[in-house]
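To start, the structure under review is shown below, and the notes come after it.
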Amino acid sequence: MLSDEMIEETDLSQYHAIIAGIRAYNTRERLKFDQTKLMEFVKNGGTFIVQYNVQSGLQTENIGPYPFKLGSGRITVEEAPLNFVNPEHQLLNFPNQITSTDFENWVQERGLYFADKWDEKYETIFSGHDPGEKDLTGGTLFTHYGKGIFIFSGLAWFRQLPAGVPGAYRLFVNMISAGKYDGK
């Protein structure tokens with residue numbers, strides 16, 4: 293884990309990916325001062341993954357390199373299907389090919405506090421909804437920035453990874469590996 297001091301004092305280029313935990317931008321005041329350094333990390337070739345936050349009480353106006361706004365959208369039914377907006381997207385194919393079976397045995401919910409508005413530079417990865425609700429597409433946003441990649445994901449990693457859900461691990465590895473994709 294990178295402490296506030298480590299983010300401030302460390303050459304981040306030694307990492308290929310950095311992951312901000314749940315609500316990091318709500319609870320770690322120091323991130324408002326380190327945001328420029330984190331975006332430089334992405335611009336210079338790093339992958340930065342931000343897990344869910346809530347819009348109220350964000351420490352910085354923009355979490356990513358381009359604007360997006362978090363909403364209250366969520367998918368609480370863990371069996372609700374997630375559709376692939378672009379099945380050829382690298383997050384669904386490298387290094388693991390993700391299929392609908394990777395969303396089996398998820399626990400408690402699919403995700404929460406999805407983005408509800410975003411800059412056109414972001415790509416959406418999934419669409420889905422609870423029964424009887426409207427389709428949500430802001431659960432995972434992906435963009436290239438400089439030489440690197442920024443990913444926001446409101447999927448419930450904090451539930452799936454501790455529960456040992458194999459498909460969640462496969463997809464999370466794809467996010468961590470996003471900067472290693474060579475387009476083939």
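Going by this note's numbering, the letters in the sequence shown line up with residues 293 to 476, in that order.
Think of the CB as a built atom: it goes at the ideal place given N, C-alpha and C, for glycine as much as any other residue.
Tell me, which residues are paired with residue i by DSSP?
| i | result |
| --- | --- |
| Trp485 | The shown model of the chain, from 293 to 476, leaves out residue 485, and the question about it has no answer. |
| Leu447 | Gly403 |
| Glu332 | None, per the DSSP bridge assignment. |
| Ile477 | Residue 477 is absent from the structure shown; the chain starts at 293 and stops at 476. |
Can you name, in chain order, every residue of its own chain whose Cβ lies under 6 Å from the Cβ of residue i, other than the five neighbours on each side?
| i | result |
| --- | --- |
| Arg287 | Limits of the chain in this structure are 293 at one end and 476 at the other, which puts residue 287 out of reach. |
| Gly338 | Gly440 |
| Lys324 | Gln351, Thr352 |
| Tyr235 | The shown model of the chain, from 293 to 476, leaves out residue 235, and the question about it has no answer. |
| Lys413 | Tyr358, Thr435 |
| Ala309 | Thr339, Ile468 |
| Gln347 | Leu362 |
Using the rule of at least 16 other Cβ atoms within 10 Å of the residue's Cβ for burial, across every protein chain shown, is residue i buried or exposed?
| i | result |
| --- | --- |
| Leu233 | In this structure the chain extends from 293 to 476, so residue 233 is not present and cannot be described. |
| Ala455 | exposed |
| Thr393 | exposed |
| Val334 | buried |
| Gln382 | buried |
| Val457 | buried |
| Met293 | exposed |
| Gly430 | buried |
| Gln343 | buried |
Is residue i near residue j, with beta carbons less than 8 Å apart?
| i | j | result |
| --- | --- | --- |
| Ala432 | Phe442 | The amino acid at residue 432 is misidentified as Ala; the sequence shows Thr. Contact flag unset, no. |
| Ser469 | Pro387 | yes |
| Leu447 | Tyr405 | no |
| Val377 | Thr328 | no |
| Asp420 | Ile367 | The sequence as given places Gly at residue 420; Asp does not occur at that position. Yes, Cβ-Cβ distance for Gly420 and Ile367 is below 8 Å. |
| His459 | Phe395 | For clarity, residue 459 is Gly in the given sequence; the question names His instead. Yes, Cβ-Cβ distance for Gly459 and Phe395 is below 8 Å. |
| Gly365 | Leu428 | yes |
| Glu300 | Asp326 | yes |
Within the present structure, is the beta-carbon of residue i separated from the nearest heavy atom of the ligand NAD by less than 7 Å?
| i | result |
| --- | --- |
| Phe442 | The ligand NAD is not part of the structure shown, which contains no ligands of any sort. |
Identify, in the order they occur along the chain, each residue of the same chain with its Cβ nearer than 7 Å to the Cβ of residue i, setting aside the five sequence neighbours on each side.
| i | result |
| --- | --- |
| Glu321 | Gln351 |
| Asp296 | Arg320, Arg322 |
Whole-angstrom Cβ separation of residue i and residue j, contact assumed at under 8 Å?
| i | j | result |
| --- | --- | --- |
| Asp408 | Pro359 | Not quite, the Cβ-Cβ distance comes to about 12 Å (not below 8 Å), so this is no contact. |
| Asn375 | Gly438 | Wrong, their Cβ atoms sit about 30 Å apart, outside the cutoff. |
Sorted by chain position, which residues of the same chain lie with C-beta nearer than 8 Å to residue i's C-beta, five sequence neighbours on each side aside?
| i | result |
| --- | --- |
| Pro373 | Ser392, Phe395, Gly420 |
| Val369 | Glu401, Arg402, Asp422, Pro423 |
| Val465 | Pro387, Asn388 |
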